[in-house]
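A short write-up of the structure that comes next.
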Ligand code: IZC
Ligand code: ZN
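Numbering (full-length UniProt numbering), first residue to last: 1 to 428.
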């Protein structure tokens, strides 16, 4: 019997354990309010995998090399951040004054700033510099409880730099404990050398897919479908061709202007439609009828400061699967903190704690084709686990602006532990 074997680690005295173990597939519509909460629970790990889940009492007769007393804390799967622009050069704090003057995001881009400012800095940066910088941001994500991250290219807009960004993401996946899922976002903006020739630019980016495929450098292809960037028709054609080449697809849709990218995403069978702030009723209905996951990024709505957030409740009422993400990037959402996104989902998207936890774990995993390996704790799954310094799962979406993680484990190994800050302070 499994229970008589020796384990590597046992975590016992868990106040609340969330497993997200509710069957297969993403949670859609009202299923999103399901949450399995085990009280006084324990969990055992062997060879980097969850090996056993039971009660605290049952765990007392089990043998393990290491025992972690959770002291009544909340324990959950490692969080999944399904939409980030992790690898980039430079930063954009110099554009803050323009933002304060009310210059819109798309106007800054039109003037050659915004995304194009980051493109300049990313083209100039060496691969080593990009790696060091991305690792810094990734470490910070880990500290906030994230163990699986989607990372987009899109700050090269030319062959060498796009490939450089994707190689950095691949190197991070191989050398860093976090799991990275790569997305090619060469169609992120039109570079100055292709001004007025956006179709030609898209042909060039499609051609690049051959190299990306050969180097196994990305599994998703994404496009920024937005006023002044790429139209719905261009996006549809581009993503269809990417699908024909065997890539899964995602789309930045209806982020700023309501163009109809949401329904297009569902029509072409995109794995996810992301942003969807301006999604039409037709688009929202289509999300409920198809398998396209709505990846919502309320941090971007907060930071663009236009007072408009995605209609998460309407999407769930229509039967859609909703996931949440930081959209971590140097322009419209400079934060690695997925917990703050959980607070915004509560306040602005009116999501319940149960919906929010599912949206940052199992549904986020499905949004990046990792539903079978991330976002859930069950025997045989990766032991990606977070111990939270909170009394219950309602607390994280409620108490905002600080980091609630206590311990973060990846493949059964502790990769982050909160400093004993209070002890340091009282010692002086
Ligand atoms: O760098 O501004 N929206 N792409 C589309 C972004 C935001 C990232 C950026
Ligand atoms: Zn984005």
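A virtual CB, placed ideally from N, CA and C, is assigned to each residue, including glycine. Since the model is a prediction, treat every value here as computed from it, not as a measurement.
Of the heavy atoms belonging to the ligand IZC, none sits nearer than 7 Å to the Cβ of residue 228. Judged by beta-carbon spacing, residue 248 lies beyond the 8 Å limit of residue 230, meaning their Cβ atoms are not closer than that value. Annotation for residue 61 indicates a beta carbon at 7 Å or more from all heavy atoms of the ligand IZC. Comparing C-alpha distances from residue 305 to each of 398, 41, 105, 375 shows the shortest one belongs to 105. In this model, residue 355 and residue 200 are separated by some 42 Å (Cα to Cα). Residue 164: member of the alpha helix (DSSP H) spanning 159 to 175, first to last residue. Residue 34 holds the alpha-carbon nearest to the alpha-carbon of residue 353 among 5, 238, 34.
When 271, 419, 133 are compared, the shortest CA-CA separation from residue 86 is found for 133. When beta bridges are read from the DSSP output, residue 10 appears opposite 44, 67. Residue 85 has its CB nearer than 7 Å to a heavy atom of the ligand IZC. Three or more pairs of CB atoms, one per stretch, sit closer than 8 Å, so the region 71 to 85 contacts the region 2 to 20. Where residue 266 is concerned, the enclosing alpha helix (DSSP H) starts and stops at 261 to 267. Leaving aside the five residues that flank residue 59 on each side, the residues in its chain whose CB is nearer than 6 Å to its CB run, in chain order, 10, 12, 42. Using a Cβ distance threshold of 8 Å, residue 121 and residue 89 count as a contacting pair.
Residue pairing by DSSP places residue 405 opposite 388 in a beta bridge. In terms of Cβ geometry, residue 296 and residue 310 form a close pair [threshold 8 Å]. CA-to-CA, the gap between residue 418 and residue 175 works out to about 22 Å. For residue 152, the enclosing beta strand (DSSP E) has its first and last residue at 146 to 152. Counted as a single uninterrupted DSSP element, the stretch harbouring residue 345 is not any beta strand (DSSP E) but the alpha helix (DSSP H) occupying residues 338 to 347. Going by C-alpha positions, residue 214 is about 19 Å away from residue 238. Annotation: residue 197 is outside any alpha helix (DSSP H) and is labelled neither H nor E by DSSP. Contact annotation: residue 359 and residue 179 have beta-carbon atoms that are not nearer than 8 Å. Between residue 344 and residue 338, the alpha-carbon positions lie close to 10 Å from each other. The distance from the Cβ of residue 381 to that of residue 49 is about 7 Å, consistent with a contact at the 8 Å cut-off. The beta carbon of residue 351 sits closer than 6 Å to the beta carbons of 312, 345 from its chain, once the five residues preceding and following it are set aside; these are given in chain order. If you draw a 10 Å sphere on the C-beta of residue 405, you find 16 or more other C-beta atoms in it, and that means buried.
For residue 88, DSSP records no beta bridge to any residue.
It is roughly 12 Å from the alpha-carbon of residue 159 to the alpha-carbon of residue 185. CA-CA distance, residue 243 to residue 392, rounds to 42 Å.
Residue 261 counts as buried, since no fewer than 16 other beta carbons sit within 10 angstroms of its beta carbon. Taking C-beta atoms under 8 Å as the contact rule, residue 53 and residue 408 fail to qualify, at a distance of about 19 Å.
Within the region 112 to 146, no run of beta strand (DSSP E) reaches 3 residues while sitting entirely inside it. Just so you know, the alpha carbons of residue 280 and residue 315 end up roughly 11 Å apart. DSSP places residue 155 in no beta strand (DSSP E); its state is neither H nor E. Around the beta carbon of residue 273, 16 or more other beta carbons lie within 10 angstroms, which makes this residue buried.
In this structure, residue 21 and residue 46 do not form a Cβ contact; the two beta carbons are roughly 18 Å apart against a cut-off of 8 Å.
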